[in-house]
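> Be aware that the sequence shown starts at 117, since it is given in the working numbering, and climbs by one per residue.
Backbone N, C-alpha and C define an ideal beta-carbon position, used for all residues, glycine too.
First the structure, which I've put down as structure tokens, then a few questions once you've had a look.
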Amino acid sequence: MALVWNGDRFVSEAGSDTDESDSEQPLTESEQHAAILNAKASNPPPLPMHSWQARATSSAVLQCLFAIPEERRTSAHDYALRTRLTAATVADWVDQQLDDRRTERTIRYAFCFALNPGRTNIWNAKKAKGNLQSACVAKGMALHLRCHPFTRFEVARACNLLHHYCTHREARNLARALLRERTAHGSDTLDAAVVLLGFHSVARHFGAYRYRFATQ
117 MALVWNGDRF VSEAGSDTDE SDSEQPLTES EQHAAILNAK ASNPPPLPMH SWQARATSSA
177 VLQCLFAIPE ERRTSAHDYA LRTRLTAATV ADWVDQQLDD RRTERTIRYA FCFALNPGRT
237 NIWNAKKAKG NLQSACVAKG MALHLRCHPF TRFEVARACN LLHHYCTHRE ARNLARALLR
297 ERTAHGSDTL DAAVVLLGFH SVARHFGAYR YRFATQ
């Protein structure tokens, strides 16, 4: 069964449990505008399709969270409100979560909640192959993500590229650290950074002819 925004709230439509077609559908420009204006503490607007509505949507989500009385706030609400809003892109947000020792699976779970806020914990867990026990953490991360001016397309794309991003993050950070030291240590550091980045991030190095006999 799928949930669709009708301009005021999510309503159910027929469908299977976790098919892609059951994912919440994006709102039209006018529907998103109405959702922003009609936002209530229990029903913030979903991620927008259009970039020009992203900032207004994120502000509405944040206002909804602040409007919830402290005694009624869940741990997911508290997480979203106490975590700094510093990410300029979704990739920056992923970096922030990885720095906080969040796993790739939990981040993917959070993406699913952000893209499908009206779906149940069980549905999102199946969709993301996540653990129901971490639903509260993932929901808090999703709310925090939605407090940023990101579009639905940007979040969906980041979700699709998440494994690649996590895999290459360590090599990228190493290269960045070496590049920052270029001025102090000369051009040799830049050369080393380029070599290390290529060596760690391109798998074909280990399939090259010169390595075949060394590994036999």
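#1: Taking C-beta to C-beta, are ALA251 and CYS228 nearer than 8 Å?
#2: Please confirm if the stretch 268 to 278 is in contact with the stretch 160 to 180, defined as three or more CB-CB distances below 8 Å between the two stretches.
#3: Closer than 6 Å by C-beta to CYS282: which residues in its own chain qualify, once you throw out the five before and the five after it? Chain order, please.
#4: Among the residues of its own chain, which have a CB less than 7 Å from the CB of ARG285, if the five just before and after it don't count?
#5: Reducing DSSP to helix, strand and coil, say where ASN159 ends up.
#6: Which ranges does the beta strand (DSSP E) cover as unbroken runs of at least 3 residues, wholly within the stretch 225 to 290, from first to last along the chain?
#7: Name the two residues that bound the continuous alpha helix (DSSP H) containing LEU153.
#8: How about ALA254 and THR222: are their beta carbons less than 8 Å apart?
#9: Distance check for LEU259 and SER158, CA to CA, integer angstroms please.
#10: Checking 8 Å against the spacing of the C-beta atoms, do ALA196 and GLY256 come in under that value?
#11: Residue range of the alpha helix (DSSP H) that THR173 falls in?
#12: In whole angstroms, give me the CA-to-CA distance for ASP211 and LEU261.
#13: Does the beta-carbon of GLU147 have 16 or more other beta-carbons within 10 angstroms, so that it is buried, or is it exposed?
#14: Which residues in the same chain as ALA170 place their Cβ atom closer than 7 Å to its Cβ, once the five residues preceding and following it in sequence are excluded?
#15: Please report how far the alpha carbon of LEU294 lies from the alpha carbon of HIS280, in whole angstroms.
#16: Please report how far the alpha carbon of ALA230 lies from the alpha carbon of ALA272, in whole angstroms.
#17: For the alpha helix (DSSP H) that GLN212 lies in, which residues bound it at each end?
#18: With a CB to CB cut of under 6 Å and the five nearest residues on each side skipped, what residues in its chain are close to ALA172?
#19: ASP138: which of GLY234, CYS263, ALA274 sits nearest, CA to CA?
#20: Could you give the C-beta distance for ALA155 and CYS180, rounded to a whole number, given that I count them as a contact under 8 Å?
#21: Drop a sphere of 10 angstroms on the beta-carbon of PRO142, count the other beta-carbons inside from all chains shown, and report buried for 16 or more, exposed for fewer.
Per the coordinate set shown:
#1: Numbered from its first residue, the sequence shown carries residue 251 at position 135. Numbered from its first residue, the sequence shown carries residue 228 at position 112. Cβ distance not < 8 Å, so ALA251 and CYS228 don't count as in contact.
#2: yes
#3: Taking the first residue of the sequence shown as position 1, residue 282 is located at position 166. These residues qualify, in order along the chain: GLU220.
#4: Taking the first residue of the sequence shown as 1, we reach residue 285 at position 169. Excluding positions up to five away in sequence, the list reads LEU214.
#5: Position 43 of the sequence shown holds residue 159. It is a strand residue.
#6: none
#7: Here residue 153 refers to the residue found at position 37 of the sequence shown. Taken as a continuous stretch (DSSP letters only), the alpha helix (DSSP H) holding LEU153 covers 145 to 153.
#8: To locate residue 254, count along the sequence shown from 1; it is residue 138. To locate residue 222, count along the sequence shown from 1; it is residue 106. In this structure, THR222 lies closer than 8 Å to ALA254 by Cβ.
#9: For the purposes of this step, residue 158 is taken as residue 42 along the sequence shown, with counting starting at 1. For the purposes of this step, residue 259 is taken as residue 143 along the sequence shown, with counting starting at 1. Rounded to whole angstroms, SER158 to LEU259 spans 12 Å at the Cα level.
#10: Taking the sequence shown and counting its residues from 1, the one referred to as residue 196 is at position 80. Taking the sequence shown and counting its residues from 1, the one referred to as residue 256 is at position 140. In this structure, GLY256 lies closer than 8 Å to ALA196 by Cβ.
#11: Residue numbering aside, residue 173 sits at position 57 when the sequence shown is read from its first letter. From DSSP, the alpha helix (DSSP H) with THR173 extends over 170 to 183.
#12: Position 95 of the sequence shown, counted from the start, is the residue given in the question as residue 211. Position 145 of the sequence shown, counted from the start, is the residue given in the question as residue 261. Going from the Cα of ASP211 to the Cα of LEU261 covers about 12 Å.
#13: Counted from its first residue, the sequence shown places residue 147 at position 31. Flag for GLU147 reads buried.
#14: What you label residue 170 is simply residue 54 of the sequence shown in a count that begins at 1. Answer for ALA170: PRO164, PRO265, PHE266, THR267, listed in chain order.
#15: Counted from its first residue, the sequence shown places residue 294 at position 178. Counted from its first residue, the sequence shown places residue 280 at position 164. When rounded, the distance between both Cα atoms is 22 Å.
#16: Position 114 of the sequence shown, counted from the first residue, corresponds to residue 230. Position 156 of the sequence shown, counted from the first residue, corresponds to residue 272. Roughly 9 Å separates the two Cα atoms.
#17: Position 96 of the sequence shown holds residue 212. 206 to 215 is the span of the alpha helix (DSSP H), which, as asked, contains GLN212.
#18: Numbered from 1 along the sequence shown, position 56 holds the residue referred to as residue 172. Correct list, in chain order: ILE152.
#19: To locate residue 138, count along the sequence shown from 1; it is residue 22. Among GLY234, CYS263, ALA274, the Cα nearest to that of ASP138 is on GLY234.
#20: Mapped onto the sequence shown, residue 155 falls at position 39. Mapped onto the sequence shown, residue 180 falls at position 64. So it is a contact: roughly 5 Å between Cβ atoms.
#21: The count along the sequence shown starts at 1 and reaches residue 142 at position 26. With 16 or more other Cβ atoms within 10 Å, it is buried.
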